[in-house]
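S.K.: Numbering (our numbering), first residue to last: 212 to 504. Glycine included, each C-beta is placed from N, C-alpha and C at the ideal position. Here the structure is a predicted model, which is why all the values come from computation and not from measurement.
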Ligand SMILES: O=C(O)CCC(=O)C(=O)O
């Protein structure tokens, strides 16, 4: 039984994104939030990115340069579904997964997940980009599901998107030979002029097409803004670059069955540079907290 209506599915393909309320149960949301509270507390004892490491040996937890024990700035948890039952359950089997299957299914597989956290006053910003430039595949039937862990309005660093931009073109994330992780300044200016905010209550989800241009500003409010971001692909979309956030669950079928054939619909694709640090925020020029020597 489909979870999304025909109108919602059409809106997704027209606009490149779709907001849906109550995408997880209150119990699931409470469990996700309890884990975050625990990890924020844990981060107080650390003054540089910390483990348990991801399978490529990078730290799982990353804090912004403004982090301190008194005012934590935990900003990224890589693949929380590897270390938390609550996050694994939502990644594998929440209503969000059925929604994704309605959009790009019936056969859907998991690619990676992360939490982007902007605690109150966090300086973290996300430059405009299209996710496909970070995670190119043989086709673009890929959905990023951004689950709101907090109520999000225009004051606390909401996601902003450019409706319709998923129809192209793909914009380069390179400045000459340097992978900057964001589009050029003039393209960002144009994107900002056409952007709309994605707002909603905790438990809402923004289902976003992989080629939709989006970004987000710093959190200027006295309340947190957390997103649990899960990336799913059609089973016949095969990665053509290494996963920037590898997980033992990568490629796991979450709905339907495995593909026998890869579907190729992309012609020429600019390949990303792989991150070496704990999160892509450093690529965007926002250094992690590092212990003083
Ligand atoms: O955290 C955000 O506001 C945006 C997240 C995002 O752009 C991404 O992970 O691709």
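Does DSSP put residue 356 in a helix, a strand or coil?
M.R.: Strand.
S.K.: Tell whether a beta-carbon distance below 7 angstroms holds between residue 414 and residue 296.
M.R.: Contact flag unset, no.
S.K.: At a threshold of 6 angstroms, does residue 438 count as lining ligand 1 (C-beta to nearest heavy atom)?
M.R.: Yes, ligand 1 has a heavy atom inside 6 angstroms of this Cβ.
S.K.: Taking three-plus beta-carbon pairs below 8 angstroms as touching, is the stretch 419-427 in contact with the stretch 332-347?
M.R.: A contact exists between the stretch 419-427 and the stretch 332-347.
S.K.: Please determine whether the Cβ atom of residue 327 lies at a distance below 6 angstroms from any heavy atom of ligand 1.
M.R.: Result yes, Cβ under 6 angstroms from ligand 1.
S.K.: Taking the straight line between their C-alpha atoms, what separation do you get for residue 369 and residue 483?
M.R.: Using only the alpha carbons, I get a separation of about 25 angstroms.
S.K.: Tell me residue 320's beta-bridge partners as DSSP assigns them.
M.R.: BP columns for residue 320 point to 444 and 464.
S.K.: Taking 7 angstroms as the threshold (beta carbon to beta carbon), is residue 353 in contact with chain B?
M.R.: Among the protein chains of the structure shown there is no chain B, as only one such chain exists.
S.K.: Measuring CB atoms only, is the stretch 217-235 touching the stretch 300-310, in the sense that at least three cross pairs come out at less than 8 angstroms?
M.R.: Verdict: yes, contact present.
S.K.: Taking buried to mean at least 16 other C-beta atoms within 10 Å of its own C-beta, is residue 268 buried or exposed?
M.R.: It counts as exposed.
S.K.: Check whether the Cβ of residue 427 sits closer than 6 angstroms to any heavy atom of ligand 1, and report yes or no.
M.R.: At least one heavy atom of ligand 1 is nearer than 6 angstroms to the Cβ of residue 427, so yes.
S.K.: Rounded to the nearest angstrom, how far is the Cβ of residue 356 from that of residue 443, given a contact under 8 angstroms?
M.R.: Confirmed, about 7 angstroms.
S.K.: In whole angstroms, what separates the C-alpha of residue 220 from that of residue 474?
M.R.: Their Cα atoms are separated by approximately 21 angstroms.
S.K.: Three Cβ pairs or more, each shorter than 8 angstroms: is that satisfied between the stretch 369-380 and the stretch 405-414?
M.R.: These segments touch.
S.K.: Pull up the DSSP beta-bridge partners for residue 337, would you.
M.R.: 427.
S.K.: Is residue 361 close to ligand 3? I mean its beta-carbon at under 6 angstroms from any heavy atom of the ligand.
M.R.: Absent from the structure shown: ligand 3. Ligands present: ligand 1.
S.K.: In the DSSP assignment, find the beta strand (DSSP E) that holds residue 221 and state where it starts and stops.
M.R.: Residue 221 -> not in any beta strand (DSSP E); alpha helix (DSSP H) instead, spanning 217-226.
S.K.: Would you check if the stretch 427-443 and the stretch 318-338 touch, i.e. whether three or more CB-CB distances between them fall below 8 angstroms?
M.R.: Yes: the two stretches touch, three or more of their Cβ pairs being nearer than 8 angstroms.
S.K.: Going by C-alpha distance, which of 455, 286, 459 and 235 is nearest residue 252?
M.R.: Looking at the Cα atoms, 286 is the closest of the given residues.
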